[in-house]
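Structure, as structure tokens:
Residue numbers (the numbering used here): 6 to 191.
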């Protein structure tokens, strides 16, 4: 299980960090492949596990333009707006299924504390991302300064919750290593 959280951690780190030197140095599609691998290592087969893995693989294919085109270049094309919105929606749905998988694993292991932490982080993550998606579509019709202020606040909140999510994955990796080691000793 620890190896699965390690793959998730590295995969989501690939998604958060975009460094372009001609192409993306940490491509998103590799991140999604790692995420799919991490999901497979965390949970046994189930509907949610298959959905989370399938969406991760779909997002790996869907994110190929990220490898070649910077965000600014993609936005200049007509399809760029729809692409980014679809990408963000698929990503939120994939993370929802990931939280369902992690929650079910911790529930089956009777790890109440980890289950509560997962539920809390998942609710905050999904709430902020859905609020951001919903309000970004409406903010276009507002005045300039209000629009800039609101975009800054939503971007900051989204960045903070993404960092919290990555820290959560890292802590879960460390906690599962400890619990597995203790279980093996007993």
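We treat Cβ as the ideally placed atom computed from N, Cα and C, and that holds for glycine.
All values derive from a computational prediction rather than experimental measurement.
Closest residue to residue i among the options (Cα-Cα distance)
| i | options | result |
| --- | --- | --- |
| residue 69 | 173, 89 and 165 | 89 |
| residue 133 | 35, 153, 158 and 151 | 158 |
| residue 129 | 143, 173 and 24 | 173 |
| residue 170 | 60, 112, 151 and 124 | 124 |
| residue 100 | 115, 8, 44 and 143 | 44 |
| residue 142 | 87, 175 and 95 | 87 |
| residue 95 | 67, 10 and 175 | 67 |
C-alpha distance - residue i paired with residue j, whole-angstrom precision
| i | j | result |
| --- | --- | --- |
| residue 93 | residue 33 | 13 Å |
| residue 17 | residue 131 | 15 Å |
| residue 120 | residue 97 | 20 Å |
| residue 189 | residue 6 | Residue confidence for residue 189 is low, a pLDDT of 42 falling below 50, so the modelled location carries little weight; the figure read from the coordinates is stated next. In a straight line, the C-alpha of residue 189 is about 14 Å away from that of residue 6. |
| residue 113 | residue 146 | 47 Å |
| residue 163 | residue 153 | 15 Å |
| residue 22 | residue 136 | 22 Å |
| residue 140 | residue 151 | 13 Å |
| residue 52 | residue 165 | 30 Å |
| residue 181 | residue 61 | 23 Å |
| residue 197 | residue 138 | Because the chain here runs from 6 to 191, residue 197 falls outside it and cannot be looked at. |
| residue 186 | residue 63 | Here residue 186 scores only 45 on pLDDT, less than 50, and its place in the model should not be relied on; the value that follows carries that caveat. In a straight line, the C-alpha of residue 186 is about 35 Å away from that of residue 63. |
| residue 50 | residue 42 | 13 Å |
| residue 73 | residue 122 | 37 Å |
Anticipated Cβ contact below 8 Å, residue i with residue j, distance rounded
| i | j | result |
| --- | --- | --- |
| residue 14 | residue 178 | 6 Å |
| residue 47 | residue 110 | 6 Å |
| residue 38 | residue 65 | 5 Å |
| residue 12 | residue 40 | 7 Å |
contact_flag[the region 50-66, the region 100-111] where n(CB pairs < 8 Å) is 3 or more: Three or more pairs of CB atoms, one per stretch, sit closer than 8 Å, so the region 50-66 contacts the region 100-111.
Runs of beta strand (DSSP E) lying entirely within the region 105-139, each at least 3 residues, in chain order: Restricting attention to beta strand (DSSP E) runs no shorter than 3 residues, the region 105-139 encloses none.
4-residue-minimum alpha helix (DSSP H) runs that sit fully inside the region 27-64, ordered along the chain: Listed in chain order, the complete alpha helix (DSSP H) runs (minimum 4 residues) inside the region 27-64 are 33-47.
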